[in-house]
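Mapped onto the working numbering, the consecutive letters of the sequence shown carry residue numbers 24 to 365.
Each residue gets a CB set at the ideal place from its N, CA and C atoms; glycine is no exception.
Notes follow once the structure below has been shown.
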Amino acid sequence: MLNFKEVKAELSTPKKIVIIPHKTPDADALGSSLGLRGYLIKKGHHVQVISPTDYPKFLNWMEGNETVRIYNSDHNNECSRQIENADIVFCLDFNNLARIDELGLLVEKSAAKKFLIDHHLDPKCFADFSLISTDASATAELIYEFIVKMGDRELIDKPISECLYAGIMTDTGQFKHNNTHQNVHYVTANLMELGADTPRVASLIYDTNSYDRLKFIGYALSQRLKYLPEYHTAYIAINANDLEKFNSKTGDTEGLVNYALSLDGVVLGVLISERGGEIKLSMRSKGDFSVNEFARKHFNGGGHKNAAGGSSDATFEETVSRFEEIIKTYKEELNQIADANN
Ligand code: 5GP
Ligand code: MN
């Protein structure tokens with residue numbers, strides 16, 4: 024747990040601060056980063072958010088979005104320099120430096136004090152200060168707690184509250200998943216009091232589909248969804264050609280995995296996608312099947328018990344057949360959990 028006396032001392036004079044979300048940041052990673060940025064700027068610090076990669080367009084409304092530097096585009100040297108010269112680096116919504124690719128090495132080498140704020144399972148300890156709670160629904164919930172414990176609740180304004188609300192709304196699956204505990208509603212009520220226009224945030228995230236994206240979702244469900252009833256598993260495998268055909272952008276596959284999980288009786292839903300030469304797996308489960316363990320064991324990944332991700336070095340086709348082979352070894356467990364879920 025964080026010693027707030029020490030943290031307050033660290034942040035008592037203006038500092039050069041870098042904030043880093045995980046690669047391909049989602050609403051929680053980016054919302055936490057920009058929400059924290061807004062707060063730290065009000066405290067008089069110089070703040071730079073550096074993202075390891077680009078992120079979905081439906082997050083572009085967040086205040087400070089235009090100041091985010093994307094590593095691996097045209098800012099590599101500046102980003103490296105900023106991390107090297109930072110007094111403090113905040114790592115948000117990940118717990119293992121491998122999740123930020125090459126930036127991991129730069130953070131490791133930097134003499135900056137490292138702060139980690141996160142809610143994923145099995146953290147690798149690399150930080151000087153950690154605020155970790157695997158019970159938290161979202162990193163954004165922890166950022167709210169962080170600001171409150173710093174004694175600065177009144178510094179949370181409308182733009183900050185909306186960044187944090189976006190993280191909580193999406194990481195709880197719109198307040199539907201089993202991480203939606205009482206404190207989620209308590210924090211959300213506070214964010215609303217502090218200005219968050221919650222229908223506006225929901226609309227900016229969920230009602231801004233392109234025509235191409237909607238047609239792509241239709242195609243994925245009609246042509247690429249595979250149901251394995253024997254294993255209570257459904258998966259959607261999307262290759263690079265599929266993405267090209269629908270002019271797919273970063274973020275267009277987000278949420279697709281939930282359709283696989285929504286099939287009646289399914290315990291495990293998976294999205295296998297091939298983008299930019301990388302094979303990525305996105306996994307969701309119902310009940311006691313731990314996709315965190317599954318992703319860790321077979322796909323060099325991790326996450327939460329019911330939502331995790333990983334990657335594969337094999338080709339797309341090999342990954343799909345490997346996945347189908349692996350699933351066979353879980354038949355008994357998946358059947359038992361399906362029975363228990365009923
Ligand atoms: P998503 O499927 O939405 O990309 O990710 C689901 C959850 O798993 C998120 O909390 C995300 O941070 C985590 N996650 C996704 N991909 C990876 C990965 O490759 N490695 C690890 N450790 N976690 C991942
Ligand atoms: Mn998160």
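Any idea if residue i is buried or exposed, counting beta-carbon neighbours within 10 angstroms, 16 or more meaning buried?
i       : result
Thr-352 : exposed
Pro-252 : exposed
Cys-148 : exposed
Lys-303 : buried
Leu-237 : exposed
Ser-245 : exposed
Thr-338 : exposed
Leu-139 : buried
Ser-96  : exposed
Phe-198 : exposed
Within its chain, find whatever has a CB closer than 8 Å to the CB of residue i; leave out the 5 residues flanking it on each side and keep chain order.
i       : result
Val-224 : Glu-185, Tyr-188, Ala-189, Met-192
Gly-61  : Glu-86, Gly-87, Asp-180, Pro-182, Ile-183, Cys-186
Please tell me whether residue i and residue j are closer than 9 Å, where the distance is taken between their beta carbons.
i       : j       : result
Ser-160 : Val-207 : yes
Lys-309 : Asn-281 : no
Val-30  : Met-173 : yes
Asn-119 : Pro-75  : no
Leu-284 : Phe-317 : no
Pro-79  : Thr-273 : yes
Below 7 Å CB to CB, which residues in the same chain sit around residue i once its five sequence neighbours on both sides are set aside?
i       : result
Ala-243 : Ile-259, Ile-261, Leu-279
Phe-239 : Phe-269, Ser-271, Asp-275
Gly-127 : Leu-120, Ala-121
Asp-220 : Glu-185
Taking the alpha-carbon positions, what's the residue i to residue j distance?
i       : j       : result
Ile-40  : Gly-196 : 31 Å
Leu-266 : Leu-115 : 29 Å
Gln-205 : Asp-194 : 15 Å
Pro-44  : Ser-56  : 6 Å
Glu-107 : His-200 : 39 Å
Ala-11  : Glu-33  : This structure cannot speak to residue 11, because the chain is shown only from 24 to 365.
Ala-212 : Asp-336 : 44 Å
Only counting the same chain, and skipping five residues up and downstream in sequence, which positions put a Cβ closer than 6 Å to that of residue i?
i       : result
Cys-102 : Ile-73, Arg-92, Tyr-94
Thr-256 : Leu-291, Ile-350
Is the region 33 to 52 touching the region 157 to 172 in the sense that three or more CB pairs, one from each, lie closer than 8 Å? yes
Any contact of the region 326 to 343 with the region 299 to 313, i.e. 3+ C-beta pairs under 8 Å? yes
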